[in-house]
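Numbers 17 to 489, taken from the numbering used here, label the letters of the sequence shown in order.
Note that beta-carbon positions come from the ideal geometry of N, C-alpha and C, so glycine has one too.
In this text, all values refer to a predicted model and were calculated from it rather than measured experimentally.
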Amino acid sequence: MDNIRNGRFKTGMTDEAAEYTSSFDADKVLFEADIKTNFAHTSMLKHEGIIDEEIADKILCALDNLKEEGFDALIFDASVEDVHMAIENYVTSKIGPEAGYMHTAKSRNDQVACDVRLVLREMIEEIQIGILEFIEGLVEMAGEHLEDIFIGFTHLQHAQPITIAHHLMAHVQALKRDYERLGDTYKRVNLNPLGSAAMATTSFPINRQLTTDLLGFDAYLENSMDGVSARDFISETVFDLVSLSSTLAKICEELVLWSTYEFGVIEMADEYSSTSSIMPQKKNPDVAELARGKTSIATGELITILTILKAIPYTYNRDLQEITPHLWNSVKVTQETLSIVTKMMLSVEFKVDRCAELAGKNFATATDLADIMVREKQIPFRTAHKIVGRIVNEATANEMAEENITSEFIDDIAVDLGFDKLELSDDLIQRALNPAENVKIRSIPGGPAPEMVELARNNIKDFLNIEFEKQGI
Ligand code: ARG
């Protein structure tokens, strides 16, 4: 029986119970962080004169050795509950019972909270860098399509002309928010619970500021009960991953739609496509579909985490151990999906002629026809909306394309609806119905006009420079 049980109990757990309660698999991720936490704590105990200097040095030396030797140097048997005990056992095997001093004024409760925070802050930074790289690629791609007309949708029905660049930059804005959201969460992750001990701190005169500094935390958590039991920093992070996943899922969904024969606006790279075992003509967007599917995983993990957290009484309860595997899984899947969606999206070829063709059809420019009636003839927008609605209705019924809409045709409809003739010039009408003109005159901040999208690109490039530098890149 292991040394923490044999004081209190006569026997060990059954193998089944030991296996059921072990966190070993999920703890692998914590290995290096746990060494760091132990190192900082022992250094602090030494600095404050709480444990003997020579013993502290032996402990620190054994921890250094373990770091060199790696995770496989740990011995796990049914009696070892988790990585914290395995590491303590390792130190004991190297220096003897004096290893036990490393656990002075420390509990596995504050230790595990500390470890998870150390690991998670690095994971957040890695994901953030991945998002920045995706943004950088999209901004470059947008630069190649500033003037390329595309169709924008609402309700997945033709709405108004835009450019390919404007569409790509919409995704950039969503990704920027995903990045910033993780940055906000980081502030609440990077706080030190160490020193909370089991839940009520300790009677030893520990120095919490010192471990905070040694571990690079921004501050220590100010309530020891909160320190050992707070896990909202986890649910918050996973929510951020869900939000990022939703951005990625939208991109995947578009790739699936856009690559269909019916849309036909992109060509997916062969590297991210599959074929059929029976239909030789097929080019299927399997990677986009799988990524779209996998973006649901973080949502499931978030619900699991929130459900575990609900109504856990203060302070530490073993339920909390059950949260970390779901955190690691959501980080892993989201990271993998971000990486593959970045590469897949940036390898897409836009069929610019087809994009422009769609924008010129199906009266996507009808809003502008109504707008010129308001502007040129000072009629209320609702009246113009009614006239143009009827124009589209009749033109569609008679299979008339935009270029056949004349001043005479419009006036017949206006009179028919009980309004005065508008007498717009044919030239003005055709310009209003031209998708490129539609885009050009939308030079409002946030609009699709090329100079506005270029401005947005430049703003994002400034943002990237600042953030890449902050991330040390
Ligand atoms: N493996 C545990 C966890 O992940 C460490 C803390 C154990 N604490 C305890 N009181 N049994 O939460």
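CB contact flag (residue i, residue j, <8 Å)
i: Arg133; j: Leu207; result: yes
i: Gln487; j: Leu191; result: no
i: Leu154; j: Leu184; result: yes
i: Phe55; j: Leu82; result: no
i: Val347; j: Leu260; result: no
i: Thr381; j: Leu271; result: no
i: Pro451; j: Gly376; result: yes
i: Thr358; j: Gly199; result: no
i: Ile178; j: Pro466; result: no
i: Asp31; j: Ala102; result: no
i: Val135; j: Met118; result: no
i: Glu365; j: Glu283; result: yes
i: Phe47; j: Phe87; result: yes
i: His438; j: Asp427; result: Correcting the residue identity first, residue 438 is Leu in this sequence and not His. Cβ distance < 8 Å, so Leu438 and Asp427 count as in contact.
i: Ser292; j: Asp302; result: no
i: Thr253; j: Thr311; result: no
Distance cut-off 7 Å: residue i Cβ against heavy atoms of ligand 1
i: Leu471; result: no
i: Arg124; result: yes
i: Arg334; result: yes
i: Leu487; result: Note on residue identity: the sequence assigns Gln, not Leu, to residue 487. Gln487: no, Cβ never under 7 Å from ligand 1.
i: Thr218; result: no
i: Thr320; result: no
i: His100; result: yes
i: Ser240; result: no
i: Glu196; result: no
i: Ser39; result: yes
i: Glu252; result: no
i: Asn96; result: As written in the sequence, residue 96 is Val, which differs from the Asn given in the question. Val96: no, Cβ never under 7 Å from ligand 1.
i: Gln4; result: Residue 4 falls outside the range modelled here, since the chain spans only 17 to 489, and no answer is possible.
i: Val45; result: no
i: Gln337; result: yes
i: Thr340; result: yes
i: Val128; result: yes
Unbroken beta strand (DSSP E) run spanning residue i, endpoints
i: Gln176; result: Gln173 to Thr179
i: Gly168; result: Ile165 to Thr170
Reference residue i; option with closest CA among the options
i: Asp164; options: Asp436, Lys477, Phe484 and Val368; result: Val368
i: Phe425; options: Gly434, Glu415, Phe435 and Ala411; result: Ala411
i: Ser262; options: Ile178, Thr315 and Asn450; result: Thr315
i: Ile267; options: Thr291, Ala307 and Ile339; result: Ala307
i: Asp242; options: Cys130, Thr276 and Ile222; result: Cys130
i: Ala121; options: Phe220, Gly159 and Val364; result: Phe220
i: Glu141; options: Glu196, Lys402 and Asp50; result: Glu196
i: Ser251; options: Ser275, Arg204 and Val404; result: Arg204
i: Ile51; options: Val128, Tyr332, Tyr36 and Ser38; result: Val128
i: Tyr288; options: Leu61, Met389, Met361 and Thr228; result: Met361
i: Ala386; options: Ile407, Leu325, Arg370 and Cys371; result: Ile407
i: Met29; options: His57, Glu97 and Asp43; result: Glu97
i: Asp373; options: Ile180, Phe479 and Ile489; result: According to the sequence shown, residue 373 is Glu rather than Asp. Out of Ile180, Phe479 and Ile489, Ile180 has the C-alpha closest to the C-alpha of Glu373.
i: Leu61; options: Val45, Leu230, Glu85 and Asn420; result: Leu230
N- and C-terminal bounds of the alpha helix (DSSP H) containing residue i
i: Phe150; result: Arg124 to Gly159
i: Gly309; result: Asp302 to Lys310
i: Met389; result: Ala382 to Lys393
i: Met468; result: Pro466 to Lys486
i: Phe379; result: That residue, Phe379, is in no alpha helix (DSSP H); it is neither H nor E in DSSP.
i: His63; result: Phe47 to His63
i: Ser95; result: From DSSP, Ser95 is part of no alpha helix (DSSP H); its letter is neither H nor E.
i: Phe220; result: Element bounds for Phe220: n/a, residue is neither H nor E.
i: Asp31; result: Asp31 to Thr37
i: Ile75; result: Glu69 to Glu85
i: Val281; result: Segment: none, Val281 is in no alpha helix (DSSP H) and carries neither H nor E.
i: Ala375; result: Val368 to Ala375
i: Ala213; result: Element bounds for Ala213: n/a, residue is neither H nor E.
i: Ala42; result: Phe40 to Asp43
beta-carbon residue i near ligand 3 non-hydrogen atom, thresh 7 Å
i: Thr331; result: In the structure on display, ligand 3 does not appear, and the ligands it does have are ligand 1.
Residue-chain proximity (residue i, chain B), Cβ-Cβ < 8 Å
i: Ala304; result: Note that chain B does not occur in the displayed structure, where there is just one protein chain.
Worksheet item: Whole alpha helix (DSSP H) runs in the segment 301-363 with 4 or more residues, listed along the chain?
Response: 302-310, 313-325 and 340-362
Practice prompt. Jot down the residue ranges of each uninterrupted alpha helix (DSSP H) in the segment 411-463, minimum 4 residues, whole runs only, in chain order.
Written response: 423-432, 442-448 and 451-456
Worksheet entry | Secondary structure, alpha helix (DSSP H): runs of 4+ residues fully inside the segment 236-265 | 240-245
Practice prompt. Go through the segment 95-119 residue by residue and report every complete run of the alpha helix (DSSP H) that reaches 4 residues or more, in order.
Written response: 99-111
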